[in-house]
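See below for the structure under consideration.
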Amino acid sequence: MKWKLVLVLCSLFLVESKAQETNQKLNETLKLRYTDYNTCLDLLEDFKEQFLFEGDTVQAIFTLRKIADINGHHAKYKASYDNLWQALSLASKADKQDIVASIYVDIGRYYGFYKREEKAFQLVKRGLEIKKQLVSIDKLPESSLVEAYYALCVLNREFLNYKQAQIYLDSCYTYIHESENQLWNKAGLDFEKAVIFTNTGKVNAAIQIFESIKATFEEKQPEYNVLVETYQGLANMEYGQLDHAERNFRKALEISETYDSHRDFANLIHEYLSNIYFKKGNLPLAYQELKIVKERDKLFFDSRSENNSALLEIQDRFREESQRTADLLREQKLQELEDAEQIYFLQRSLLVIALLFVGLTSFLYFKYLRNKYKAEKELAFKNKELEIQKANELIEVKNKEMAVSALKLIEKEEALSDFKTNLEKADWNLDTNKLKKAVKSLSTGHDQNWKEFETRFVAVNNKFYQNLHAKFPSLTATEDKLCALVKLNFNSKDMSKLLGISIESVHTSRYRLRKKLELERDDNLTDFINKF
Numbered sequence: 137m138k139w140k141l142v143l144v145l146c147s148l149f150l151v152e153s154k155a156q157e158t159n160q161k162l163n164e165t166l167k168l169r170y171t172d173y174n175t176c177l178d179l180l181e182d183f184k185e186q187f188l189f190e191g192d193t194v195q196a197i198f199t200l201r202k203i204a205d206i207n208g209h210h211a212k213y214k215a216s217y218d219n220l221w222q223a224l225s226l227a228s229k230a231d232k233q234d235i236v237a238s239i240y241v242d243i244g245r246y247y248g249f250y251k252r253e254e255k256a257f258q259l260v261k262r263g264l265e266i267k268k269q270l271v272s273i274d275k276l277p278e279s280s281l282v283e284a285y286y287a288l289c290v291l292n293r294e295f296l297n298y299k300q301a302q303i304y305l306d307s308c309y310t311y312i313h314e315s316e317n318q319l320w321n322k323a324g325l326d327f328e329k330a331v332i333f334t335n336t337g338k339v340n341a342a343i344q345i346f347e348s349i350k351a352t353f354e355e356k357q358p359e360y361n362v363l364v365e366t367y368q369g370l371a372n373m374e375y376g377q378l379d380h381a382e383r384n385f386r387k388a389l390e391i392s393e394t395y396d397s398h399r400d401f402a403n404l405i406h407e408y409l410s411n412i413y414f415k416k417g418n419l420p421l422a423y424q425e426l427k428i429v430k431e432r433d434k435l436f437f438d439s440r441s442e443n444n445s446a447l448l449e450i451q452d453r454f455r456e457e458s459q460r461t462a463d464l465l466r467e468q469k470l471q472e473l474e475d476a477e478q479i480y481f482l483q484r485s486l487l488v489i490a491l492l493f494v495g496l497t498s499f500l501y502f503k504y505l506r507n508k509y510k511a512e513k514e515l516a517f518k519n520k521e522l523e524i525q526k527a528n529e530l531i532e533v534k535n536k537e538m539a540v541s542a543l544k545l546i547e548k549e550e551a552l553s554d555f556k557t558n559l560e561k562a563d564w565n566l567d568t569n570k571l572k573k574a575v576k577s578l579s580t581g582h583d584q585n586w587k588e589f590e591t592r593f594v595a596v597n598n599k600f601y602q603n604l605h606a607k608f609p610s611l612t613a614t615e616d617k618l619c620a621l622v623k624l625n626f627n628s629k630d631m632s633k634l635l636g637i638s639i640e641s642v643h644t645s646r647y648r649l650r651k652k653l654e655l656e657r658d659d660n661l662t663d664f665i666n667k668f
C-alpha cells in the first residue's frame, strides 16, 4: 500500500514538473516576439499541436490567441482571423463559455479594423452577454465584464461616437480591479480617457494623462507605449506643439522597432509625421514620409485597402459555407442520435417489460407461497382445534364415565346405608362385638370408594387441582372434593351422599366455597369451576 502511494505521489510530481517546464518554455518563446517573431510563431504552432495532442484544450486556445495577437501586430489580419476562429471552435467544443466570450470580443475588434461597424458591435456585445450570464450564476467575477466594455469603448471611439465611448469607459471604471495584472488595468482605461479628452476639447488634460501612464506601461507592457506616444503626439498636434508631436511620433517608431510590435500602426505614424513636416514647410521630409507610407501600404495594408476590403467578406462566405457543412453534419449527427435514442428507448422498453414480467412473476410466486403458508397454517390450526375438540370430548366421556361410576357409588352407598340401618335396628342373636365390627367395616368402605373416585378424576383432569390451587392456595381437601363434584355437575343431593354429609351441609359448603373463590351473587359456580 505504501509503495502504491509513493508511486502515485511520484507520478503527480512528474506531471506537475513537466507542466511547469512546458509553461516556462512557452513563456520564453513568447519573449521572442520582440526579437524574432517568425521563429516565435513557428514555436507557438508547435506548442499548439503539442497541447492538442495531449488534450490540453485550454492551453491550445491560449496559444492560438497569442499567435493571433502577434499576427495582428504585424498586420497579418487574415491569419489572426483564422487563428481566432479555430480557437473559438475549440472553446465551443470544450464548452468553455468564458473563453468563447473573450474570443467573440477579439473577433469583433478585427471587424472594427475593417470598418464593419454593425458586425463588430454585434460580436462584442455577444461576448458581453455571455459574460453577464456567467457573472449572474457566479461563474465569473464582475471584473471580467471590463474586457467587453473596454472593447465597446474602443469601437465607439474609433467610429467617432465619443459620448457612447465615455459611457462604456465609465462602466469599465465601475468594475475594474486595479490589483489585476492585465491589459485592462486602470492605466489602459486612463489611456482611452485621454484619447476621448483629445477629441472632446480637453487636450491639455489628455496630454497630462498620457504622460502619467507611460511608466506603468513601461513596466508591465512596454510595447503598448507605441500607442501612448502616438496619441500623445496627436494631442500635441491638436494643441499646436508640433515639435513635441514629432518627438512623440519618433519615440513611437523607436518602441515599435525595439519590441517588433504594432507594425500595422507604424504606417499611420509616418503619415502623421508627413503632416507635421508639411505644416512646418519641410516638403522634402514630408515627401519622404509619404513615400514610406506608400511602400508600407504595399507591404502590410493591401488587405485593409478599399479595393481589397472584400477579403473579410470572402472569409465570411467561407465561414458560412463551413457553417452550412457543419450544420449538415450536425443534422446527420442529430439523426444518428435520434436513431440511437429510439434504439435506446426500445432497449429501455424491453428492459422495463422484462423487469415487469420478473416482478409480476415474483409477486405471483410470493403470493402463491403466502397463500400456501396461510392454507397450511389454517389446516394446522384446524387440526389442532380438532385435536383439542377430541381431547375435550374424551374428557367429557371420561367425566361422564366418572359420573356414572359416582352414581353407582351413590347407589352402593345408599344400599350400604340401608343395610347398616337395618342391621342396627334388627334384633339378631349374634355376637355384639362381631356386629359392631361389621358395621365399622361398612363405614370404612366409604372412604375407600372416594379415593378410587378421586384417582380416576385426577387421571382425566390432571391439572385441575394444580391450576385451582395456583390461584386459590387456601382451599381445603373437602373443598377440593366439592369443586370436583361441581365440575362434574352433581346436584346437592348426590354430593351429600358422596361426601357423607347432609344436604344442608352441602349448601353451607357451597356458600363458603363461593366466598373463598370471591364470586359475586350473580356469578355461576359451575361455569367458574369449569374454567380450570
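Residue 668, in my numbering, is where the sequence shown stops; the numbers in between run on with no holes.
From the three backbone atoms N, C-alpha and C, an ideal C-beta is built for every residue, glycine too.
From a predicted model like this one, the values you see are computed outputs, not experimental measurements.
- The closest CA to that of SER238, considering only ASP659, TYR173 and LYS267, is found on LYS267.
- In this structure, DSSP gives ASP396 a state outside helix and strand, which the three-state scheme calls coil.
- In its chain, beyond the 5 residues on either side, ARG169, TYR170, THR171 and TYR173 have a beta carbon closer than 7 Å to the beta carbon of ASP396.
- LEU180 sits close to ILE203, with the two beta carbons spaced by under 8 Å.
- Contact annotation: LEU291 and PHE257 have beta-carbon atoms nearer than 8 Å.
- The Cβ atoms of ASN666 and LYS623 lie closer than 8 Å to each other.
- Fully contained in the stretch 599 to 665 is no beta strand (DSSP E) run of length 3 or more.
- Around the beta-carbon of ASP379, fewer than 16 other beta-carbon atoms lie within 10 Å, marking it exposed.
- Judged by pairs of C-beta atoms under 8 Å, the stretch 270 to 279 does not touch the stretch 294 to 306, as fewer than three such pairs exist.
- Relative to the Cα of CYS176, the nearest Cα in the group ASN207, LEU188, TYR217 and GLY191 belongs to ASN207.
- Only residues of its own chain outside the window of five on either side were considered, and among them ASN361 and VAL364 have a CB closer than 7 Å to the CB of LYS350, listed in chain order.
- Annotated three-state conformation of ILE312 is coil, per DSSP.
- Rounded to whole angstroms, the separation of the alpha carbons of ARG650 and ASN603 is 17 Å.
- No Cβ-Cβ contact shorter than 8 Å links ASN625 with THR591.
- The residues LEU200, ARG201, ILE203, ALA204 and ASN207, in chain order, have a CB closer than 8 Å to that of ASN219 in the same chain once the five nearest residues on each side in sequence are set aside.
- A residue is called buried when at least 16 other Cβ atoms come within 10 angstroms of its Cβ; PHE493 does not meet this threshold and is exposed.
- Remark: C-beta atoms of GLU359 and HIS398 approach each other more closely than 8 Å.
- Around the beta carbon of ALA516, fewer than 16 other beta carbons sit within 10 angstroms, so the residue counts as exposed.
- The three-state reading of DSSP puts PRO420 in helix, counting H, G and I together.
- Excluding its 5 nearest sequence neighbours in each direction, VAL241 has C-beta neighbours in its own chain below 7 Å: VAL260, GLY263, GLU283, ALA284 and ALA287, listed in chain order.
- DSSP, read as helix, strand or coil, puts PHE295 in coil.
- Excluding sequence positions up to five before and after SER392, its CB lies within less than 6 Å of the CB of VAL362, HIS398 and ALA402, all in the same chain and listed in chain order.
- The shortest CA-to-CA distance from ASN598 to any of ALA620, ASP182 and THR612 is the one to ALA620.
- Cβ-Cβ distances below 7 Å link ASN411 to nothing in the same chain once the five nearest sequence neighbours on each side are left out.
- Inclusion of TYR367 and THR334 in the CB contact set at 8 Å is warranted, their separation being smaller than that value.
- Judged by DSSP in its simplified three-state form, LEU288 adopts helix.
- When the beta-carbon positions are compared, PHE668 and PHE589 stay at least 8 Å from each other.
- For PHE257, the secondary structure class from DSSP, reduced to helix, strand or coil, is helix.
- Cα atoms of LEU426 and LYS229: separation of roughly 47 Å, rounded to the nearest angstrom.
- In the three-state reduction of the DSSP assignment, ASN597 falls in the coil class.
- Take the alpha-carbon of LEU482 and the one of ASP475: they are about 10 Å apart.
- Contact between ILE197 and ILE235 holds: CB atoms are separated by about 6 Å, below the 8 Å threshold.
- A straight line joining the alpha-carbon of GLU477 with that of PRO277 spans about 39 Å.
- Counting C-beta atoms within 10 angstroms of its own C-beta, LEU522 has fewer than 16 neighbours from the protein chains shown and is therefore classed as exposed.
- Between LEU370 and TYR408, the gap from beta carbon to beta carbon is short of 8 Å.
- Sequence-distant partners of SER279 (beyond 5 residues in either direction) whose C-beta falls short of 7 Å from its own C-beta, in its chain, are TYR311, ILE312, HIS313 and GLU316.
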